[in-house]
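Just so you know, we're using my numbering here: the sequence shown kicks off at 419 and counts up by one. Even for Gly, the Cβ is constructed at its ideal location relative to N, Cα and C.
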Amino acid sequence: MAKDTLNIALQMEPPALDVTSGAATIIDDVSYGTLFEGLVRLSANGQIEGWLAKNWTVSPDGKVYLFNLKDKVTFSDGRAFNAATAAYSLNRARDIHSGNVQQEALSIIDRIETPSPFQLRIILKKADSFFLTLLSLPDCAMVSPFSAKNLAISPVGTGAFRFQEWQHGKRIQLIARSDYWGKKSAIKTLNFFFISDALAAYAALKTGQIDFFPDFPAAENLQELGHDPRFKVQSFPSEGEVILAFNQNLPIFQNSLLRQAISIAINRPAFVDAVLYGYGRVIGSHFPPQNPDYLDLTTIYPDDPIKAKALLKQAGYPDGLTLTLDLPPSRYATISGQLVVDQLEKIGIHVTLHSLEWTTWLDRVYKKHDFQMTVINHAEPFDYRIYDKEGYYFGYHNAQFHQILTRLDQENDPFQRHQKLQSLQKILTLDAANVFLFQYPHLVVSKADLAGLWRGSPTQAFDLTTAYFTDSQGTHNSHLSPSSVSWHFGGWLSAALGLILLIVAFRYQLFSISGFLKKSGQFLLASWIASLVIFMAISVLPGDPAEYMMGLQASPRALAALQTEFGLDKPAYIRYINWLTHSLHGDFGSSFSYHLPASDLIAEALNISLPLVLASFCLAATAGFFFGLAIAFFRFRPLQIFLLTLTRLGLSLPAFWIAVLLLYAGLHYHWPLTLENTPSSFGLLTQPAFYWPVIALALPQATWLARAFSQQLQGIEQEDFIMAARARGLSRSQTLLRHALRHALPALLPLLALSLPALLTGSIIVENIFYLSGLGRLLLQAIAARDLVLIQAIALLVAMVTLFARFISDLLHLAIDPRLKQP
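Dropping the structure here:
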C-alpha cells in the first residue's frame, strides 16, 4: 500500500486560513483547492474551466452570467452548497466593508440573483471580459454563511480536505474527506510545516521529515540535492516578475531616454545566475512567460554599455548622474541591487544602496513614494493592470496603454484579446516602463516517488489533490499529538509554591518584610516602565500593519475595515491604557495575524521554549559552577591554561554558530536531529534530538559563568580571612571549598539572573535552526507579519522574565548574605 501522508514545508506560516480575507499567497498554498473551491478555476494550461459550476452562459452584451451549479456538493461540516450560498459568498466578498483584496474589482457586480436552487445569475454594471478570470482567483472561493465568521482559524469549505488542527509555529494538518463530492485524493493526510531557515530546510529534507518543499529557500543547495537519487529538483513557473522599478512621480524618471539607457545597461542573465543559480528565466515585459498570451521581448534591450552611454547622453546626462536604490530585505533584492550598482557604474551612473526593513519599504516606497529606484518581486496574477492604476507607487501613465486596456475589458473574442494583451506588453517594454529583470520561479524539491503535482497558472497554489506516491513502502502516517500541558494548572501550581516559599522565608527570617517590600516596589516600578517603553518603541515603527497584512493590492476600504477591527484607528494613549489594563488580567489582545489571543499563542510556544530554556539554564549553571571551580582549583598549573583556552573558545562562539556546527555534524554522522512527535513539555526531555539546541544555548553561558565564577574565587583568595585560614594550616583546596566557595556564591546569583533572559532571547535563532516551534519561531513570525500585538506580548514577557529573575536573585541574596539583613 502506497504512502498516504504528504509532509509539506513552507517558508512562512500563514497568518490565517481564510483565502477570501487575506492577501498573503501563503494562505492559498495551504487552503486553496484543499479546503476551498470556487465556481471556476484555471486549468493546467491556463484556461477557464468549471469547478463548482457545471457550465455557464454569457449574454450577448457580456453583462449577464448564468451559472449552472453542481447539485451534490457539500461543505466539510455537512451543509449543502447551492445558489444561495454562492450568492452569499460573492456578496460577502464585494461588500464595501469587506477585507477581501478583490473587493474593488468585484464592485463591477450590479446584483446577484438565484432563479433556482442551483442556478446563479450575476449581472454586471458593464461588460468585463476579465470577470471569469476574476472568479477563478482564491479571493472568490465559496464559503458557508454558517461558518464565515471563523474561517481564519477554523475553515470550512467544499474542498477535498477538512481542517484537523493547527499547532502554531509548527504545523497545520488537513485530513481527506470521505464525503467529498468529487474524486477522492490518494493522499489522506496533509501536514504543512514551516521552515524559513535554509540550513533547517536542508536538514529537514535530508533527514526524511519533508516530502515536498514548493519554494526551497536555498538555491545554492539545489545542485547537490539534485544528485541525490532520493529527491527530484524542479523549477516551476510562477507569477513573480522581479523588476527594477523607477519612481516616475519624479521628473527625472519621466525621461524615457534615461529609462531606456538604464534598461540597455542591465545584463539580465547575470541576475538569473547570481540570484537563482541559473534556475530562473529572463523576461522582457511585465508578463509571465508561461501565459499563452506572452510575447518574448527579451531581445529589445540587449546588454550594450556603449549604446546605453549614447542614450544617456541624449537624455541630457553626458557626464552621468547619481541615483539611489531602496531595497526590501529579501535576498533576491539584495543581490540584484549589488548587480545594478556594478552594471550602471559602467555607463557612469553611480547608485547608492539603501537597505530597508520590509515595513519601512512599504511605508516609504509603496505608500509615500519616497524613492528613486527599487527592486521588487510582483507576484500577483494579471498585475499588468497596475500600470494603469492611479496613485500606484511607481507612477507610470501611458494614454495608449489605458485605451487598449479599456477596450480589452470589453473584448470577448479570444484572438482579439490575445492581440491586445501582446500590444500592452509591447508598450511597457518599448516605453521602458520599468526594467523587467527575471521571473522568480518556484524552486521545488520533492521525494523522487512523489508524482501528480502541477501548478495551475496563474493560480498560486499547487493542486495537492492530485498528488500521490508511486512506491509501495507501506502506509506512512505521522499524526502528531498536540501538547497536553495545562498552563492554567501550571500557573496555579507555581503561585501556590511561591506562596509557600514566601511563608517559609518569613517564618525563618531569611529576609525582612521591609526588604521584601522594597524589592517588590522596585520590581513593579521597573515593570511599568518596561511596559511603557515597549509600547512606545513598537508604536512608532513606520508603516501600517493593516497595509502589510492586506498586501499591495488592498483597497482603501479594506484597509480601513481592518484598522477598525483591531482598534488601530484609536489614539496611541488609549491603545496603551487598554493594552496595559488587559495585560494585568493576562489578556494581551488578539493577534493581528493569527486572529487568536496572544496569550494562548505564547502559552503554546512555551511548551517548547520553557523546557529548552530551563534545561539549558540548568546545564549552563552546573557546567559553569564546576568549570569555574576547576579553573580556580588548578590555578598556577598547566591545566588552567587549557581550561581558560576552552572558555575563550566558548565565549567567541555565539549560540547560533554552535547550533549550525552541531546541525552539520548531525547530518554527517546521522545523529537524531528531529523530534519524532510533539510530546508534552517534559516529554521533550526523552527526545535525543532535543539536547542539541540545549547544548548550543548552554555552552556560551556556561563558559561566561565559569570565567566570572573563577575570577570571583580567585579574588576572594586574596582576602584576609582566607590568608588567616591558610596560616592555620588549611590547604588551598580546603580553603576554597570551606570558605571561599560560600562567599563567592552570592556574587554568582546576579549572573544567573541575567543568564535566564539571555537564554530566552538566544533561543530565537537556535529554535529556527533546529526547527523548533517555540517562542523564538513565534516572535520571528510575528515580526515578519508585523503583528504588533504579538510582538508587544512577547517583548513584555521577556522583560518580565528579566526583571523577575533579578527580583528573585535579590531576595535570595538577602537570604544568604546576613550582612544585607541589617537595616
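#### Entry: residue 1027 burial status per 10 Å Cβ neighbour count (16 or more: buried)
The residue given as residue 1027 occupies position 609 in the sequence shown. Residue 1027 should be labelled buried.
#### Entry: Burial state of residue 588 (16 or more Cβ within 10 Å)
Here the question's residue 588 lines up with position 170 in the sequence shown. Buried is the call here.
### Message
For residue 657, tell me which candidate among 699, 623, 431 and 686 has the shortest Cα-Cα distance.
### Response
Along the sequence shown, read from residue 1 onward, the residue named residue 657 stands at position 239. When only C-alpha atoms are compared, the closest one is 699.
### Query
Straight-line CA distance for residue 421 to residue 886?
By one-based count along the sequence shown, residue 421 stands at place 3. By one-based count along the sequence shown, residue 886 stands at place 468. So the alpha carbons of these two residues sit roughly 8 Å apart.
### Query
Pick from 1185, 650 and 1225: whose alpha carbon is nearest that of residue 1075?
Working through the sequence shown from its first residue, we reach residue 1075 at position 657. Checking every option, the nearest Cα to that of residue 1075 belongs to 1185.
### Message
Suppose the cutoff is 7 Å on Cβ atoms and the five residues either side in sequence are ignored; what does the same chain contact list for residue 432 look like?
### Response
For the purposes of this step, residue 432 is taken as the residue at position 14 of the sequence shown. Contacts found: 442, 444, 445 and 448.
#### Entry: the stretch 1072-1089 / the stretch 1012-1030 touching (three or more Cβ pairs under 8 Å)
no
### Cβ shell of residue 1213 (< 6 Å), same chain only, five flanking positions each side left out
In the sequence shown, residue 1213 corresponds to position 795, counting from 1. If we look at residue 1213 and ignore the five residues flanking it on each side, its Cβ neighbours are 952.
### Query
According to the Cβ coordinates, are residue 495 and residue 564 closer than 9 Å?
Taking the sequence shown and counting its residues from 1, one reaches residue 495 at position 77. Taking the sequence shown and counting its residues from 1, one reaches residue 564 at position 146. Taking 9 Å as the Cβ cut-off, residue 495 and residue 564 qualify as a contacting pair.
### Cβ pair count under 8 Å reaching 3, the stretch 1005-1017 against the stretch 1193-1208
At 8 Å Cβ cutoff, the stretches touch.
#### Entry: For residue 576 and residue 955, the rounded distance between their alpha carbons
Here residue 955 corresponds to residue number 537 of the sequence shown, with the count starting at 1. Here residue 576 corresponds to residue number 158 of the sequence shown, with the count starting at 1. Cα to Cα, the separation comes out at about 44 Å.
### Sequence-distant residues of the same chain with beta carbon closer than 8 Å to residue 547, five excluded per side
To locate residue 547, count along the sequence shown from 1; it is residue 129. 480, 826, 827, 828, 829, 830 and 835, listed in sequence order.
### Task
Would you give the residue range spanned by the alpha helix (DSSP H) that residue 997 belongs to?
Looking up residue 997 in the sequence shown gives position 579. Run containing residue 997: 990-1001, per the alpha helix (DSSP H) assignment.
### Query
In three-state DSSP terms, what is residue 894?
Within the sequence shown, residue 894 is the residue found at index 476, counting from 1. Low confidence applies here, because residue 894 scores a pLDDT of 43, under 50, leaving its location unreliable and the question unanswered by this model.
### Query
Can you give, in chain order, each stretch of the beta strand (DSSP E) that sits fully within the stretch 438-522 and has at least 3 residues?
458-460, 466-468, 471-476 and 482-487
### Separation of residue 438 from residue 484, as counted between CA atoms
Stepping through the sequence shown from its first residue, residue 484 is reached at position 66. Stepping through the sequence shown from its first residue, residue 438 is reached at position 20. Their Cα atoms are separated by approximately 22 Å.
### Query
Which one of 819, 777, 554 and 793 has the shortest CA to CA distance from residue 752?
Reading the sequence shown from its first residue, position 334 is the one you call residue 752. Nearest option by C-alpha distance: 793.
### Query
What does a CB cutoff of less than 8 Å around residue 426 pick up in its chain, not counting 5 residues either side in sequence?
Position 8 of the sequence shown holds residue 426. Closer than 8 Å at Cβ, skipping near neighbours: 608, 609, 610, 611, 628, 629, 630, 631, 632 and 882.
### Query
Where DSSP assigns a beta bridge to residue 791, which residues make up the other side?
Taking the first residue of the sequence shown as position 1, residue 791 is located at position 373. Its beta-bridge partners are 664 and 743.
### Query
Can you name, in chain order, every residue of its own chain whose Cβ lies under 6 Å from the Cβ of residue 594, other than the five neighbours on each side?
The residue labelled residue 594 in the question sits at position 176 within the sequence shown. Closer than 6 Å at the Cβ level, and outside the excluded window around residue 594, lie 579, 603 and 606.
#### Entry: Sequence-distant residues of its chain with Cβ nearer than 7 Å to residue 542 (five each side left out)
Working through the sequence shown from its first residue, we reach residue 542 at position 124. Cβ neighbours of residue 542 beyond the five flanking positions: 481, 526, 527, 528 and 549.
### Query
How many whole angstroms separate the CB atoms of residue 767 and residue 722, which I take to be in contact at a CB cut-off of 8 Å?
The sequence position of residue 767 within the sequence shown is 349, counting from 1. The sequence position of residue 722 within the sequence shown is 304, counting from 1. At roughly 15 Å, the Cβ-Cβ gap does not stay under 8 Å, so residue 767 and residue 722 are not in contact.
### Task
Let me know if residue 802 comes out buried or exposed under the rule of 16 or more other beta-carbons within 10 Å of its beta-carbon.
Walking along the sequence shown from the start, residue 802 turns up at place 384. Residue 802 comes out buried.
### Task
Quick one: grab the DSSP three-state call for residue 858.
As a position in the sequence shown, residue 858 is number 440, starting the count at 1. Residue state, collapsed to three classes: strand.
#### Entry: Own chain, CB closer than 6 Å to residue 552, minus 5 neighbours either side, in chain order
Position 134 of the sequence shown holds residue 552. Around residue 552: 523.
### Query
Do you know offhand how far residue 720's Cα is from residue 678's?
Within the sequence shown, numbered from 1, the residue matching residue 720 stands at position 302. Within the sequence shown, numbered from 1, the residue matching residue 678 stands at position 260. Near 11 Å, if we compare the C-alpha coordinates of residue 678 and residue 720.
### Neighbourhood of residue 858 by C-beta distance below 7 Å, restricted to the same chain and skipping five residues each side
Translated into the one-based positions of the sequence shown, residue 858 becomes position 440. Excluding residues within five positions, the ones whose Cβ falls inside 7 Å are 656, 658, 660, 698, 750 and 795.
### Query
Nearest to residue 457 by alpha carbon, out of 671, 762 and 488?
If you number the sequence shown from 1, residue 457 lands on position 39. For the residues 671, 762 and 488, the minimum Cα distance to residue 457 belongs to 488.
### Task
To the nearest angstrom, report how far apart residue 1037 and residue 572 are at their CA atoms.
Residue mapping note: residue 1037 aligns to position 619 of the sequence shown, counting from 1. Residue mapping note: residue 572 aligns to position 154 of the sequence shown, counting from 1. Roughly 41 Å between the two C-alpha positions.
### Query
Candidates 1089, 1022 and 733: which alpha carbon is nearest residue 1195's?
Counted from its first residue, the sequence shown places residue 1195 at position 777. Residue 1022 is the option with its Cα nearest to residue 1195.
### Message
What does the alpha-carbon distance come out to for the pair residue 1031 and residue 1020?
### Response
Mapped onto the sequence shown, residue 1031 falls at position 613. Mapped onto the sequence shown, residue 1020 falls at position 602. Taking the straight line joining both Cα atoms gives about 15 Å.
### Query
Which whole-angstrom value describes the C-beta separation of residue 635 and residue 614, a residue pair presumed to lie in contact below a C-beta threshold of 8 Å?
Start at 1 with the first residue of the sequence shown, and residue 635 comes out as number 217. Start at 1 with the first residue of the sequence shown, and residue 614 comes out as number 196. Yes, they are in contact, since the Cβ atoms of residue 635 and residue 614 sit about 7 Å apart, within 8 Å.
### Query
So what does DSSP say about residue 426, is it helix, strand or coil?
Counting from 1 along the sequence shown, the entry for residue 426 is found at position 8. Note: residue 426 maps to strand in three-state DSSP.
### Query
Which runs of the alpha helix (DSSP H) fall wholly inside the stretch 647-707 and span at least 4 residues, in chain order?
Correct list: 674-683 and 686-694.
### Message
Tell me the residue span of the alpha helix (DSSP H) that contains residue 584.
### Response
Locating residue 584 in the sequence shown gives position 166, where the first residue counts as 1. No alpha helix (DSSP H) holds residue 584; the beta strand (DSSP E) holding it covers 579-585.
### Query
Between residue 1127 and residue 1162, is the Cβ-Cβ spacing less than 9 Å?
Taking the first residue of the sequence shown as position 1, residue 1127 is located at position 709. Taking the first residue of the sequence shown as position 1, residue 1162 is located at position 744. Yes.
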